[in-house]
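Take a look at the structure below.
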């Protein structure tokens, strides 16, 4: 039997940012059924490819979808190891402390200068990535983390991440969506363009 119409609708809703469970809780609830019902190669592709494989599956099934910022955030969360996420499928606080070379923890402690310094190190790592897709994904993750942190009340760290992505200069169509989303978020929050 394999994937059901309900599974495909969930995939579309997740990518399009609708209010559905994150990937990890959904996977935990459906893994055994899918293991039993899918061809092994398809099951493993879905298990380890997560939302990238989901998008390929929707395309193969002829289902139109549009990636949203929330969908990209969910894709970033889906790539995390299950031990790094909570029951909702969101990054654990301990995981976030180490993110961006420890910048988030420094911002949390009130050390903005140290946080900015570590954030710059994290940006250098992104710049060194040879693969344009990986750079775009890393920027999208940073942009979504910035919005999420700001929404959760961690304004210093959230704004710092958004500003860092917003300052990124690129003509890459794979990197520029994250940059434009970050700039739009900053404008919405009343931040002047740097």
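Numbering (the working numbering), first residue to last: -4 to 189.
Don't be surprised by glycine CBs; every beta carbon is placed ideally from N, CA and C.
The model shown is predicted, which means the values in this text are computed figures rather than measured ones.
Is the region 165 to 177 close to the region 81 to 98, with three or more CB pairs under 8 Å? no
Let me know if residue 39 comes out buried or exposed under the rule of 16 or more other beta-carbons within 10 Å of its beta-carbon. By one-based count along the chain shown, residue 39 stands at place 44. Classification for residue 39: exposed.
Around the Cβ of residue 10, are there at least 16 other Cβ atoms within 10 angstroms (buried) or fewer (exposed)? Sequence index remark: in the chain shown, residue 10 carries index 15 (1-based). Per the 10 Å Cβ criterion, buried.
What residues match up with residue 199 in a beta bridge as DSSP calls it? The structure shown has nothing for residue 199, since the chain only spans -4 to 189.
Residue 166 (DSSP reduced to helix, strand or coil): Within the chain shown, the letter at position 171 stands for residue 166. Coil.
With a CB to CB cut of under 7 Å and the five nearest residues on each side skipped, what residues in its chain are close to residue 6? Counting from one through the chain shown, the residue named residue 6 turns up at place 11. Result list for residue 6: 49, 52, 53, in chain order.
Start and end residues, alpha helix (DSSP H) containing residue 61: As a working note, residue 61 is residue 66 in the chain shown. Where residue 61 is concerned, there is no enclosing alpha helix (DSSP H), given that its DSSP letter is neither H nor E.
Exposed or buried, which one is residue 55 when buried takes at least 16 other CB atoms within 10 Å? To locate residue 55, count along the chain shown from 1; it is residue 60. Residue 55 is exposed by the Cβ-count criterion.
Quick check on the burial criterion: 16 or more other C-beta atoms within 10 angstroms. Buried or exposed for residue 126? Residue numbering aside, residue 126 sits at position 131 when the chain shown is read from its first letter. With fewer than 16 Cβ atoms within 10 Å of its Cβ, residue 126 is classed as exposed.
Going by alpha carbons, who is nearest to residue 173 out of 0, 102, 71? For the purposes of this step, residue 173 is identified with residue 178 of the chain shown, where counting begins at 1. Selected option, being the one with the closest Cα: 71.
Is residue 98 near residue 110, with beta carbons less than 7 Å apart? Taking the first residue of the chain shown as 1, we reach residue 98 at position 103. Taking the first residue of the chain shown as 1, we reach residue 110 at position 115. Contact: yes.
With a CB to CB cut of under 7 Å and the five nearest residues on each side skipped, what residues in its chain are close to residue 121? Residue 121 sits at position 126 when you count from the first residue of the chain shown. The residues are 130, 133, 134.
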